[in-house]
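The sequence shown maps to residues 16 to 306 in this note's numbering.
Built from N, CA and C at the ideal position, the CB exists for glycine as well.
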Amino acid sequence: MKTSPECIPCMASMAARACGNAGAETARVQEVVIAAEALLTRADRERNPAAISSELHRLVTTRLGDADPYARAKAASNAEAMGLRPALEERLAQCPDRFDGAVRLAVAGNIIDLALFDQIDLEATVGRVLREPFAIDHIARLRRAIDESETVFFLTDNAGEVVFDRFLIDELLAMGKRVALGVKGKPIMNDATADDLPPGLFDDLEIIPNGSDAVGTALDEVSAPFRARFDAADLVISKGMGNFETLESNPRPIAFLFQAKCDKIAREVGAHKGALLCIHNALPWRPPTTS
């Protein structure tokens with residue numbers, strides 16, 4: 016996947032948003048934005064958007080002198096999502112197909128992307144995702160892949176979102192699967208590290224940090240334990256656009272769960288912006304032409 020021209024201003028806005036989350040003063044924000052624009056101007060657009068975003072994130076955090084500018088925002092996202100858990104469980108209990116509902120909740124949680132959005136209405140998103148058709152609906156294939164698997168490696172995305180993921184993980188455990196949780200090794204935007212997991216929520220799982228601060232899952236940067244688990248798992252469940260950008264061409268059996276939150280990704284999958292997506296890479300999903 017190559018970077019499109021429209022990705023560049025979006026990435027520039029991410030730099031400014033990181034400054035805002037860090038509480039940086041105006042002069043520092045201007046300095047960071049100028050440096051970010053210079054980096055983006057010379058960026059090689061043959062690379063995927065996640066790779067350029069990773070380079071940008073490292074520049075921004077270095078200039079800010081803050082390795083984790085989203086720390087407070089991540090904690091707030093977790094608190095809000097945890098507060099919704101009882102209501103989410105009630106909504107799930109009302110679903111005629113609990114597995115389908117759990118997949119939908121996991122995709123609903125993917126809206127918690129503070130690098131892209133300043134304001135998020137979680138309850139409205141849950142209502143939409145529980146009733147809206149998926150643009151690419153491989154849920155039945157995902158269920159079959161789980162049935163055929165013993166081990167599942169679940170790659171998380173954002174803080175807050177992980178609370179929604181827990182419902183699907185509970186379904187995997189109820190199906191008798193051995194589940195390991197992959198998280199970021201170092202802070203990167205509002206992605207979840209092991210320290211960002213809500214206390215007690217995943218104590219029953221093996222947590223495997225990937226050792227990296229890259230957007231998505233850059234397999235050439237991950238730790239040996241993470242890579243070994245990725246390669247050995249019968250099935251990988253991958254959350255979020257960054258993981259999709261970095262893993263969509265990987266031959267391992269992967270199911271991608273996310274929302275198409277930008278026009279570039281929507282075009283890549285042949286869907287509309289905001290589309291709900293459950294893509295199993297064993298099935299055809301690419302539109303006739305992509306850029």
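- The residues Arg113, Phe114 and Ala117, in chain order, have a CB closer than 8 angstroms to that of Glu186 in the same chain once the five nearest residues on each side in sequence are set aside.
- Close CB contacts of Asp206 within its chain, under the 7 angstroms cut and outside five residues either way in sequence, are with Asp172, Asn173 and Lys199 (chain order).
- Beyond the five residues adjoining it in sequence on each side, Ala51 comes within less than 7 angstroms, by CB distance, of Ala27, Ala30, Leu71, Leu74 and Val75 in the same chain, given in chain order.
- Assigned with DSSP and collapsed to three states, Val75 falls in helix.
- For Thr166, the enclosing beta strand (DSSP E) has its first and last residue at Thr166 to Leu170.
- If you compare the alpha carbons of Lys254, Ala39 and Lys192 with that of Arg158, the shortest gap goes to Lys192.
- Each of Ala96, Ala37 and Arg62 was checked against the Cα of Thr77, and the nearest Cα belongs to Ala37.
- Ile223 and Ala82 have their C-alpha atoms some 21 angstroms from each other.
- Closest by C-alpha distance to Leu103, out of Ala123, Ala88 and Lys89, is Ala123.
- In the DSSP assignment, Ser92 falls within the alpha helix (DSSP H) that extends over Ala86 to Ala108.
- In the structure shown, Asn173 adopts extended strand secondary structure according to DSSP, grouped into three states.
- Looking at the DSSP output, Cys293 bridges to Asp152 and Leu272.
- Taken in chain order, the complete beta strand (DSSP E) segments of 3 or more residues contained in the stretch 177 to 212 are 193 to 198.
- Taking C-beta atoms as the reference points, Arg267 and Ala195 fail to come closer than 7 angstroms.
- Collapsing the DSSP output to three states places Glu138 in a helix.
- Of all alpha-carbon atoms in Arg301, Pro202, Ala247 and Gly231, the one lying nearest the alpha-carbon of Gly257 is that of Gly231.
- Residue pairing of Ile126 in beta bridges, as defined by DSSP: absent, with no partner found.
- By the neighbour-count criterion, in which 16 or more other beta carbons inside 10 Å mark a residue as buried, His287 falls on the exposed side.
- In this structure Leu291 is in contact with Ala150, their Cβ atoms being roughly 6 angstroms apart against a cut-off of 8 angstroms.
- Here the alpha carbon of Ala247 sits roughly 43 angstroms from the alpha carbon of Ile49.
- The beta carbon of Pro24 lies closer than 6 angstroms to none in the same chain, with the five residues before and after it left out.
- Looking from the CA of Cys22, the closest CA among Phe271, Trp300 and Glu260 belongs to Glu260.
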